[in-house]
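Protein chains in written order, with our numbering: chain F, 1 to 301; chain P, 302 to 616.
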């Protein structure tokens, strides 16, 4: 507690001409100590963050080269190789998830903001908040039972379904909040011109809130991009190229997990490279969102 | 662009649109229903074979087809408790510093960086834990703990590095951003005049924070902690990578263990036999029910404090 070493003003001195009774030394000391403690907590929380990022960049930069983005993994014992198939696989799975999750989430958000200001809306609101907390591994089981068991094999599609289920509640709630920020007067102006309600919602309200809705989608995307647990027994992973949606597919987070568990240095190297690419993707998305939010969510209105 | 006004307004598209949107809203509820249905269906075989006994013993033997979930439940609970013990003081401290003490420019920077902790994927925490945290624990922290606190029995046995303690610490790092961002939100809705009133009575800044702010925000902070607990209970990847995956109940926190989520991650895709798979799904169902209850509780508590306030974006 460096702050304590600073000499405190002498409270008992008779020469001070204060009319308010002075704060006792003990209370001042406690105040200083608690300030110090709370600064200490900030330092303790920031330490792992800096450590993780620093070490990630340090280990990751060294393993990223052209081969990393163009080649598939080499067999054990051979140096080199890359994670091209995992990067493409992740892109495919995330595209499936977004195609399924984004429209459904935005639709649910429109319902909550425009039609759901009642008891039924409250139920949907509560359910989506609660669904946000369902462990991702449980979502994986559901997608397994729903898609893998019926199709009889692991597939990119099953992984996409699992991730889409995770996207919907987040997108629904942010879309709702963004639509509610659009002033009621704008809707009334449209009605006054004789525009029907559905047209107003789509062409006026939703358009005014576009940047906010995109923010919500990006946040949901950033959240699912790094998800590993729901992919473990839906897409399963693959050491080779696969272009079919109904076959096991490699995914970046899965590959990182497999390689991190392995005893081979060369695979550890690839895991760190993959982790760096993944985190760059996610931090990029989150920072872009921050930037848009700071410029005002209603920039388009 | 086509003009908006063309012909007379018909009611039919309006109704169709309204119903389409209602359908989307309904789909969210249906998804939850689907999750419950699938889990109940999938676990039905194991439920019939073991009943309540499934949760009362810790025998996990796929060869003999004898399954009990107690060791996994124990692992989940203990690792979450360790996480909360470490994370709660730290996250409340950070939230208090950001809302009550930090200068304005630092507020933005600190909220952004703590939120960044939440954006790191679980698997990267696990990767870092395997290569940095586990060696650190094995070589430096565990020997010291064993020497000073070994007599409690909590810190005894060989220091492997991997085990319950490592899982608890990595979970703590992962729940800190959740608890601290909720606490921040709750503290910021405490009315300003409350602070001014306490200060005017001659309180120091810490006394103001303790009596004027923290006391008012209690329910919301507890809600945030429970929300963090919900996350810790269901966290999978990072825990699986460092806990050692051994279903046993040991007093020492140095010992490897296993949690409900990590047994699913490890064994689900390799489960042979219907009863084995069904037992795993029953663990999933139990995990789901616990997290649903915990989350619903937390939401209600946070809502009770921030009610009437526009809730902030998830970021």
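Glycine included, each C-beta is placed from N, C-alpha and C at the ideal position.
In angstroms with no decimal places, state the Cα-to-Cα distance between residue 163(F) and residue 204(F).
-> 30 angstroms
Continuous alpha helix (DSSP H) stretch holding residue 221(F): start and end | 210-225
Own chain residues within Cβ distance below 7 angstroms of residue 348(P), not counting five before or after | 583
Would you please verify whether the beta carbon of residue 537(P) is less than 7 angstroms from any beta carbon of chain F?
-> yes
Return no unless some Cβ of chain P is closer than 7 angstroms to the Cβ of residue 252(F).
-> no
Measuring only between beta-carbons, confirm whether residue 208(F) sits less than 7 angstroms from chain P.
-> no
Closest to residue 596(P) by CA distance: which of 141(F), 135(F), 159(F) is it?
-> 135(F)
Terminal residues of the alpha helix (DSSP H) in which residue 433(P) lies = From DSSP, residue 433(P) is part of no alpha helix (DSSP H); its letter is neither H nor E.
Three-state secondary structure (DSSP) of residue 288(F) = helix
Going along chain F in order, which residues have a C-beta closer than 7 angstroms to the C-beta of residue 323(P)?
-> 111, 115
In angstroms, rounded to a whole number, what distance separates the CA positions of residue 599(P) and residue 520(P)?
-> 10 angstroms
Count the CB pairs spanning the segment 59-72 of chain F and the segment 256-270 of chain F that are closer than 8 angstroms, and state whether there are at least three.
-> yes
Can you say whether residue 32(F) is buried or exposed, counting buried as having 16 or more other CB atoms within 10 angstroms of its CB?
-> buried
From the DSSP output, read off the bridge partner residues of residue 367(P).
-> 362(P)
Taking residue 491(P) as the reference, which of 499(P), 514(P), 469(P) has the closest Cα?
-> 514(P)
Straight-line gap, residue 111(F) to residue 190(F) (C-alpha atoms, nearest Å) = 19 angstroms
Within-7 angstroms CB hit, residue 38(F) to chain P = yes
Please name the residue in 586(P), 433(P), 312(P), 326(P) whose C-alpha comes closest to that of residue 345(P).
-> 586(P)
Check each candidate in 311(P), 537(P), 365(P), 607(P) and name the one with the smallest Cα separation from residue 380(P).
-> 537(P)
Alpha-carbon to alpha-carbon, residue 209(F) and residue 198(F) = 15 angstroms
Who are the near neighbours of residue 333(F) in its chain, counting only those whose CB is closer than 7 angstroms to its CB and skipping five residues on each side?
-> Residue 333(F) falls outside the range modelled here, since chain F spans only 1 to 301, and no answer is possible.
Alpha carbon of residue 422(P) to alpha carbon of residue 541(P), nearest angstrom = 14 angstroms
Close-in-space but distant-in-sequence residues of the same chain around residue 355(P) (CB under 8 angstroms, 5 per side omitted) | 347, 348, 368, 369, 370, 580, 583
Return no unless some Cβ of chain P is closer than 7 angstroms to the Cβ of residue 84(F).
-> no
C-alpha distance - residue 287(F) paired with residue 358(P), whole-angstrom precision = 48 angstroms
Going by C-alpha distance, which of 544(P), 467(P), 588(P), 473(P) is nearest residue 529(P)?
-> 473(P)
How big is the Cα-Cα spacing for residue 417(P) and residue 283(F)?
-> 8 angstroms
Can you find a C-beta in chain P that's less than 7 angstroms from the C-beta of residue 108(F)?
-> yes
Determine, using beta carbons only, whether residue 24(F) comes closer than 7 angstroms to chain P.
-> no
Closest Cβ-Cβ distance between residue 600(P) and chain F: below 7 angstroms?
-> yes
Identify each residue in the segment 508-520 of chain P for which the Cβ-Cβ distance to at least one residue of chain F is less than 9 angstroms, and report them in chain order.
-> 508, 510, 511
Going by alpha carbons, who is nearest to residue 560(P) out of 549(P), 420(P), 570(P)?
-> 549(P)
Whole angstroms is fine: what's the gap from residue 252(F)'s alpha carbon to residue 37(F)'s?
-> 40 angstroms
Residue nearest to residue 466(P) in terms of C-alpha spacing, selected from 362(P), 420(P), 558(P) | 558(P)
Any idea if residue 339(P) is buried or exposed, counting beta-carbon neighbours within 10 angstroms, 16 or more meaning buried?
-> buried
Taking any Cβ of chain F, which residues in the segment 428-441 of chain P have a Cβ under 8 angstroms from it, in chain order?
-> 428, 429, 431, 432, 433
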